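Q: Sequential numbering of the sequence shown, starting at 44, is according to our numbering.
By construction, the Cβ of each residue, glycine as well, lies at the ideal position given by its N, Cα and C atoms.
Here the structure is a predicted model, which means the values were calculated and not measured.
Take a look at the following structure, please.
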Amino acid sequence: MELIKEYSPLRWLKLDKRPSAHRQMFRQLTDSFSILVSKTFKHAFAGKERSYHRRWTGIGREAARIFASHGANVLIVDLEKTNPEDKLAAVTAEVKKYIPQGGKNVVEFFEANVADATKLKAAVDKAAALGGSNHLDIMFNNAGIQDKEDSDILDEKTLSSALAKTFAVNVNGVLNGCKLAIEVMKKQEKGGSIINSSNFAALVGSAHPHVAFAASKGAVLSLTRELAVAHANEKIRINSLIPGPVITPQSFGSLSEELQTVWKKNIPLGRAANPEEIANAALFLASDLSTYITGSEIVVDGGASVAFLTRDQVAKK
44 MELIKEYSPL RWLKLDKRPS AHRQMFRQLT DSFSILVSKT FKHAFAGKER SYHRRWTGIG
104 REAARIFASH GANVLIVDLE KTNPEDKLAA VTAEVKKYIP QGGKNVVEFF EANVADATKL
164 KAAVDKAAAL GGSNHLDIMF NNAGIQDKED SDILDEKTLS SALAKTFAVN VNGVLNGCKL
224 AIEVMKKQEK GGSIINSSNF AALVGSAHPH VAFAASKGAV LSLTRELAVA HANEKIRINS
284 LIPGPVITPQ SFGSLSEELQ TVWKKNIPLG RAANPEEIAN AALFLASDLS TYITGSEIVV
344 DGGASVAFLT RDQVAKK
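Structure representation (structure tokens):
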């Protein structure tokens, strides 16, 4: 889990090449949880604070890098038992390398479990204080787990263990993050943007079930829609980000070569996503490029959730 505070828009867009109207629009972009961004930098997303939480691999790592590259103040939040202290120092140093030349943004680490509202509040408070802005513009609730005992509903381990553990992080963690971010953002003139990570398992079923995981990600979609409507009048935008198969150590990268081949045949684009591609979608939702988007479900899955037969499957028939 990472908290970033202050960044800019699409990193490949150079601010000095954009019309003045666009510059003004980009300057108004920053506020979230999980990745916090403060408002002191001249990049497209300058003027926003972000907070982000996620296990420090894959999407979380790339999101931290991308936000830092846009001038964000980043607070990386994770569990020390997951990543030893020496590794945390290394990843913090790694993210700092992406700070723009001459940039003054801050990158720090905070240990917390998103299921623990008290610890998470301390993380949000610290993130908002980075850079001295006392502001939270963007919250990326991206922490999530898939328990090894998670299987079919007829499996007793799924009901007795996996369900509770999975919902504690994937649902209660997102709920805690949203609540804490909303409490800060509703006091701000420009509100903020909250991004909640779901998964395409919430959209499609599987003959190899992970009931707790799928149900938890479905809950995230419902929670996001409800909160988006409830807090729209406070200028707080709340959207769901729905990744498909992603090449991370815990996900697609952990599958056998044979299973990876099977998965790819079910994806119209013929491959799993790179974590950076998901992080770029989060960047879009955090930015002023999406100021009229709330309560939406942004699917980034290479077409997997809408495909019946792919070209590859038809060709082999």
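Going by DSSP, what residue range makes up the beta strand (DSSP E) through ARG314?
A: Looking up residue 314 in the sequence shown gives position 271. That residue, ARG314, is in no beta strand (DSSP E); it is neither H nor E in DSSP.
Q: What does DSSP give as the partner residue(s) for PRO286 in the beta ladder?
A: Within the sequence shown, numbered from 1, the residue matching residue 286 stands at position 243. PRO286 pairs with VAL343.
Q: Within 10 angstroms of its Cβ, does PHE351 collect 16 or more other Cβ (buried), or is it exposed?
A: For the purposes of this step, residue 351 is identified with residue 308 of the sequence shown, where counting begins at 1. Looking at its Cβ environment, which holds fewer than 16 other Cβ atoms inside 10 Å, PHE351 is exposed.
Q: So what's ASN177 in DSSP terms, helix, strand or just coil?
A: Reading the sequence shown from its first residue, position 134 is the one you call residue 177. Three-state result, ASN177: coil.
Q: Is it buried or exposed for ALA132, if we count other Cβ within 10 angstroms and need 16 for buried?
A: One-based indexing of the sequence shown puts residue 132 at position 89. Exposed, by the Cβ-count rule.
Q: Mapping the DSSP letters down to three states, classify GLU199 as helix, strand or coil.
A: Numbered from its first residue, the sequence shown carries residue 199 at position 156. Looking at GLU199 - three-state DSSP - the assignment turns out to be helix.
Q: Around the C-beta of LYS260, are 16 or more other C-beta atoms found within 10 angstroms, so that it is buried, or is it exposed?
A: Reading the sequence shown from its first residue, position 217 is the one you call residue 260. LYS260 should be labelled buried.
Q: Please list the terminal residues of the continuous alpha helix (DSSP H) segment that includes LEU118.
A: The sequence position of residue 118 within the sequence shown is 75, counting from 1. Run containing LEU118: none in the alpha helix (DSSP H); it sits in the beta strand (DSSP E), 116-121.
Q: Please report the straight-line C-alpha distance between ALA186 and ALA257, rounded to a whole angstrom.
A: Here residue 186 corresponds to residue number 143 of the sequence shown, with the count starting at 1. Here residue 257 corresponds to residue number 214 of the sequence shown, with the count starting at 1. If I take the Cα positions, the gap works out to 15 Å.
Q: Quick one: which unbroken beta strand (DSSP E) runs of 3-plus residues sit fully inside the region 217-244? Chain order, please.
A: You should have 235-240.
Q: When the distance is taken between beta carbons, is ILE281 closer than 9 Å to THR267?
A: Position 224 of the sequence shown, counting from 1, holds the residue named residue 267. Position 238 of the sequence shown, counting from 1, holds the residue named residue 281. Taking 9 Å as the Cβ cut-off, THR267 and ILE281 qualify as a contacting pair.
Q: Can you find the residues in the same chain that come closer than 6 Å, C-beta to C-beta, to GLY234, ignoring five residues on each side of it along the sequence?
A: Walking along the sequence shown from the start, residue 234 turns up at place 191. Answer for GLY234: MET228, GLU277, LYS278 and ILE279, listed in chain order.
Q: Based on Cα-Cα distance, which residue from LYS169, TYR335, ALA115 and SER299 lies nearest to GLU154?
A: Locating residue 154 in the sequence shown gives position 111, counting from the first residue. Closest option to GLU154, Cα to Cα, is LYS169.
Q: Tell me whether GLU192 sits in a helix, a strand or coil according to DSSP, three-state version.
A: Taking the first residue of the sequence shown as position 1, residue 192 is located at position 149. Note: GLU192 maps to coil in three-state DSSP.
Q: Can you give me the C-alpha to C-alpha distance between ALA324 and LEU218, rounded to a whole angstrom?
A: In the sequence shown, residue 324 corresponds to position 281, counting from 1. In the sequence shown, residue 218 corresponds to position 175, counting from 1. If I take the Cα positions, the gap works out to 21 Å.
Q: For the alpha helix (DSSP H) containing PHE256, list its first residue and its last residue.
A: Here residue 256 corresponds to residue number 213 of the sequence shown, with the count starting at 1. Start and end: 254-273.
Q: CA-CA distance, PHE84 and GLU105?
A: Here residue 84 refers to the residue found at position 41 of the sequence shown. Here residue 105 refers to the residue found at position 62 of the sequence shown. Interpretation of PHE84 is limited by its pLDDT of 28, a score under 50 that renders its predicted location unreliable; the figure taken from the coordinates is listed afterwards. Their backbone Cα atoms lie some 20 Å apart in a straight line.
Q: Using the Cβ count rule (16 or more neighbours within 10 Å means buried), how would you classify ILE367?
A: In this structure the chain extends from 44 to 360, so residue 367 is not present and cannot be described.
Q: Once you ignore the five residues that flank GLY313 on each side, which residues in its own chain have a CB closer than 8 Å to its CB?
A: Translated into positions along the sequence shown, residue 313 becomes position 270. So the list reads LYS307, GLY345, THR353 and ASP355, once near-sequence residues are dropped.
Q: What span of residues does the alpha helix (DSSP H) with PHE210 cover, start to end?
A: Against the sequence shown, residue 210 aligns to sequence position 167. Element bounds for PHE210: 206-213.
Q: Can you look up ASN185 in the DSSP assignment and give me helix, strand or coil?
A: In the sequence shown, the residue the question calls residue 185 occupies position 142. In this structure, ASN185 counts as coil in the three-state DSSP scheme.
Q: Thinking C-alpha only, which one of ASN184, ASN215 and PRO311 is nearest ASP159?
A: The sequence position of residue 159 within the sequence shown is 116, counting from 1. When each option's Cα is compared against that of ASP159, the closest is ASN215.
Q: Mind reading off the beta-carbon distance from THR201 to ALA255? Whole number of angstroms is fine, and I expect it under 8 Å.
A: Taking the first residue of the sequence shown as position 1, residue 201 is located at position 158. Taking the first residue of the sequence shown as position 1, residue 255 is located at position 212. Right, the Cβ-Cβ distance comes to about 6 Å (below 8 Å), so this counts as a contact.
Q: If I measure Cβ to Cβ from VAL212 and keep anything under 7 Å in the same chain, skipping five residues before and after, which residues do I get?
A: In the sequence shown, the residue the question calls residue 212 occupies position 169. Hits under 7 Å: VAL157, ALA158, ALA186, GLY187 and ILE188.
Q: Check each candidate in VAL343, GLY220, VAL247 and ASN177 and name the one with the smallest Cα separation from LYS164.
A: As a position in the sequence shown, residue 164 is number 121, starting the count at 1. Of the listed residues, the one whose Cα sits closest to LYS164 is GLY220.
Q: Would you mind sorting ASP195 into buried or exposed? The rule is 16 or more other CB atoms within 10 Å of its CB.
A: Sequence index remark: in the sequence shown, residue 195 carries index 152 (1-based). Burial call: exposed.
Q: Measure how close the beta-carbons of ILE238 and LEU328 come, nearest whole angstrom, since I'm counting them as under 8 Å.
A: One-based indexing of the sequence shown puts residue 238 at position 195. One-based indexing of the sequence shown puts residue 328 at position 285. Sure, about 5 Å apart at Cβ, within 8 Å.
Q: Within a Cβ cutoff of 8 Å, which residues of the same chain sit near ILE142, ignoring the five residues on either side of it in sequence?
A: Position 99 of the sequence shown, counting from 1, holds the residue named residue 142. Excluding sequence neighbours, ILE142 sits near ALA111, SER112, GLY114, ASN148 and VAL150.
Q: Please name the residue in ALA107, VAL305, LYS139 and HIS253 whose C-alpha comes closest to that of ALA347.
A: Within the sequence shown, the letter at position 304 stands for residue 347. Of ALA107, VAL305, LYS139 and HIS253, the residue nearest in Cα terms is VAL305.
Q: Give me the residue from ASP193, VAL120 and GLY146 with the minimum Cα distance to HIS251.
A: By 1-based counting over the sequence shown, the position of residue 251 is 208. Nearest option by C-alpha distance: ASP193.
Q: Please confirm if SER259 has its CB atom under 9 Å from at least one CB of chain D.
A: Note that chain D does not occur in the displayed structure, where there is just one protein chain.
Q: Based on DSSP bridge pairs, tell me the residues matched to PHE152.
A: If you number the sequence shown from 1, residue 152 lands on position 109. DSSP output for PHE152 lists ILE119 as bridge partner(s).
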